[in-house]
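**Q** Top to bottom, those sequences are chains A and B. The letter at position 154 of the first sequence is residue 154 when you use the working numbering, and the numbering goes up by one with no holes. With the second sequence counted from 1, adding 1000 to any position gets you the working numbering. Structure in structure tokens, see below.
There are 2 protein chains.
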Amino acid sequence: MTVYRRAPSSRSRGRSHGHKRRLTQAERRQHTRQALLDAALEHMDAGVSFDALSLRSVARAAGVVPAAFYRHFSSMDELGLALVDESFHTLRSLLREARESGLPPKHVIRRSVEVIVEQVLAHRQHFALIARARTDGNTVLRHAVNNEIRLVTSELATDLARFDAMRGWTNEDLQMLAGLLVNTMILNVAAILDLPTNGGQPPSQALDEIVRVAEKQLRLPLLAVPNWSSTR
Amino acid sequence: MTVYRRAPSSRSRGRSHGHKRRLTQAERRQHTRQALLDAALEHMDAGVSFDALSLRSVARAAGVVPAAFYRHFSSMDELGLALVDESFHTLRSLLREARESGLPPKHVIRRSVEVIVEQVLAHRQHFALIARARTDGNTVLRHAVNNEIRLVTSELATDLARFDAMRGWTNEDLQMLAGLLVNTMILNVAAILDLPTNGGQPPSQALDEIVRVAEKQLRLPLLAVPNWSSTR
């Protein structure tokens, strides 16, 4: 059984420090910003859709007056974009690292799946937001998420182009394969988010099965590379 | 350029007949049922999420009193299930037909993609509901959609098992490949639903590109079949 380490939740970051030193202004500012982001995630966790979130209730849950909200975000949409940005920023750099490790493809795939699953489990609420935003009514968030996914796909396509076996491939075909791999992971992440949780963690047997099948689904298309003729 | 024929919309079915013959009781009943389903789809098309739909407003838009709603559906959830059921019933039988045509795999793939795209364009609102229900808050609809997707996947896995090249494959691997193909189509359908529309139709160039890439994404994994060793 693979054990996924649960990274410290963003919610525990920067909250109470357990000592009495007065916070600097910058720390207080960061503290409030984080409290607003957390409050939005908590509300959505309780089943409220992003579009139904009110700035007023998010501010109240974060312990600030509505006017204070605007010192951090110009609108609820901007807050949503910050959440999308946070999640993808870390994920993309971890995936790039996995691919630059110089390991053989099978290990790169395993490591990439591990990185994604670790991130999803550690930042469940962020990824639940992302999963919903893809089909949600909010246009700003949907575009942001789709752009991030396109960026992940393009970075992967660029790395695929470096393999000898894909040197002659057209751009469309490189994007096609990268898209196939990214889409596969998107729906496997959705399946992980759909698992019931106990203490924030899904049952390890169900999780392991999704991970095992996901790895196969990423390995299989790569095995077809020598048999594919990419023509303009 | 492929031309997708737009099937008659469910909304034009059974509405005004243009003649004065009195409808039978069964016809009136069917008429009201359809009006309720249409009203729900129209409201969702205007951006209301399924969970935010009120029985009262759906009944009003269909021109009946709320009490009349219950002669057709026991709840809004049951109405939602009827919409999911309608869409998948036709789609599944068309996909089975495509696979039973006896055509070579490349043609079966092309025909399957065509069938899916035709259905999605002809019943855009149904599929928009399905796409959203997958990540939406409503548990009843989400389970129904996920079950239908599992059924489509299982039927495909059964058909894949008949190929000589996959005769030795484990069940998990057959489901893995079927899942890969189905997931690919799910996200391509989502991309089609995301295209801007003009008179209900997306721009044909953008649509053709999605279709062309989707066909490649279905063909590529199948090319890997001879290179895959499926072990228990």
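All C-beta atoms in this analysis are idealised placements derived from N, C-alpha and C, irrespective of residue type, glycine included. Remember, predicted model here, so these are calculated numbers, not experimental data.
Got a sec? Which residues, its chain only, sit under 8 Å from B:T1231 by beta carbon, not counting five neighbours each side?
**A** To locate residue 1231 of chain B, count along the second sequence from 1; it is residue 231. Closer than 8 Å at Cβ, skipping near neighbours: T1170.
**Q** Can you tell me where the alpha helix (DSSP H) holding B:R1185 begins and where it ends?
**A** As a working note, residue 1185 of chain B is residue 185 in the second sequence. Going by the sequence as given, residue 1185 of chain B is Met instead of Arg. Note, B:M1185: alpha helix (DSSP H), 1171-1194.
**Q** How many Å lie between B:V1233 and B:V1211 at the Cα?
**A** With chain B running from 1001 to 1232 in the structure shown, residue 1233 of chain B is simply not present.
**Q** Please name the residues in the stretch 1049-1061 of chain B whose beta-carbon is closer than 9 Å to at least one beta-carbon of chain A, in chain order.
**A** Per Cβ criterion, the list reads S1049, D1051, A1052.
**Q** Out of A:H31, A:N198, A:R92, A:G47, which one is the CA nearest neighbour of A:A233?
**A** The requested residue 233 of chain A is not part of the displayed model; chain A covers only 1 to 232.
**Q** In this structure, how does DSSP classify B:N1138 when only helix, strand and coil are distinguished?
**A** For the purposes of this step, residue 1138 of chain B is identified with residue 138 of the second sequence, where counting begins at 1. If DSSP states are grouped into helix, strand and coil, B:N1138 belongs with coil.
**Q** Taking 8 Å as the cut-off, does the stretch 80-88 of chain A touch the stretch 139-153 of chain A (at least 3 CB pairs, one atom from each stretch)?
**A** The stretch 139-153 of chain A is in contact with the stretch 80-88 of chain A.
**Q** Which partner residues does B:N1198 have in the DSSP bridge list?
**A** Position 198 of the second sequence, counting from 1, holds the residue named residue 1198 of chain B. Looking at the DSSP assignment, B:N1198 forms a beta bridge with B:Q1201.
**Q** Please state if the CB of A:Q119 and the CB of A:T158 are separated by a distance shorter than 8 Å.
**A** By 1-based counting over the first sequence, the position of residue 158 of chain A is 158. By 1-based counting over the first sequence, the position of residue 119 of chain A is 119. Result no, Cβ atoms of A:T158 and A:Q119 do not sit closer than 8 Å.
**Q** In chain order, what residues of the same chain lie with their CB nearer than 7 Å to the CB of A:G39, ignoring the 5 residues before and after it?
**A** For the purposes of this step, residue 39 of chain A is taken as residue 39 along the first sequence, with counting starting at 1. A small fix is needed here, since residue 39 of chain A is Ala in this sequence, not Gly. Counting only Cβ-Cβ distances below 7 Å, and skipping sequence neighbours, we find V58, A61, A62.
**Q** Compute the Euclidean distance between the alpha carbons of B:L1156 and B:R1028, then round it to the nearest angstrom.
**A** Residue mapping note: residue 1156 of chain B aligns to position 156 of the second sequence, counting from 1. Residue mapping note: residue 1028 of chain B aligns to position 28 of the second sequence, counting from 1. Rounded to the nearest angstrom, the two C-alpha atoms are 39 Å apart.
**Q** Beta carbon of A:L181: closer than 7 Å to some heavy atom of the ligand SAM?
**A** In the structure shown, the ligand SAM is absent, as is every other ligand, since no ligand is present at all.
**Q** Using a Cβ-Cβ cutoff of less than 8 Å, which residues in the same chain neighbour B:A1224 once the five nearest sequence positions on both sides are dropped?
**A** Taking the second sequence and counting its residues from 1, the one referred to as residue 1224 of chain B is at position 224. For B:A1224, where only same-chain residues beyond five positions count, there are no Cβ hits under 8 Å.
**Q** Beta-carbon of A:P221 versus every beta-carbon of chain B: anything under 8 Å?
**A** To locate residue 221 of chain A, count along the first sequence from 1; it is residue 221. So yes, A:P221 belongs to the interface.
**Q** Between the alpha carbons of B:A1128 and B:L1121, how many angstroms are there, rounded?
**A** Within the second sequence, residue 1128 of chain B is the residue found at index 128, counting from 1. Within the second sequence, residue 1121 of chain B is the residue found at index 121, counting from 1. Their Cα atoms are separated by approximately 10 Å.
**Q** Less than 6 Å between C-beta atoms, sequence neighbours within five positions excluded: which residues of the same chain meet that for B:N1146?
**A** For this step, residue 1146 of chain B is matched to residue 146 along the second sequence. Result list for B:N1146: empty, nothing under 6 Å.
**Q** For chain B, check one thing: does any of its Cβ atoms lie closer than 8 Å to the Cβ of A:D173?
**A** As a working mapping, residue 173 of chain A is identified with position 173 in the first sequence. Yes, its Cβ sits closer than 8 Å to a Cβ of chain B.
**Q** Let me confirm a value: A:P104 is counted as buried when at least 16 other C-beta atoms fall within 10 Å, else exposed. Which label applies?
**A** Here residue 104 of chain A is taken as the residue at index 104 of the first sequence, counted from 1. With fewer than 16 other Cβ atoms within 10 Å, it is exposed.
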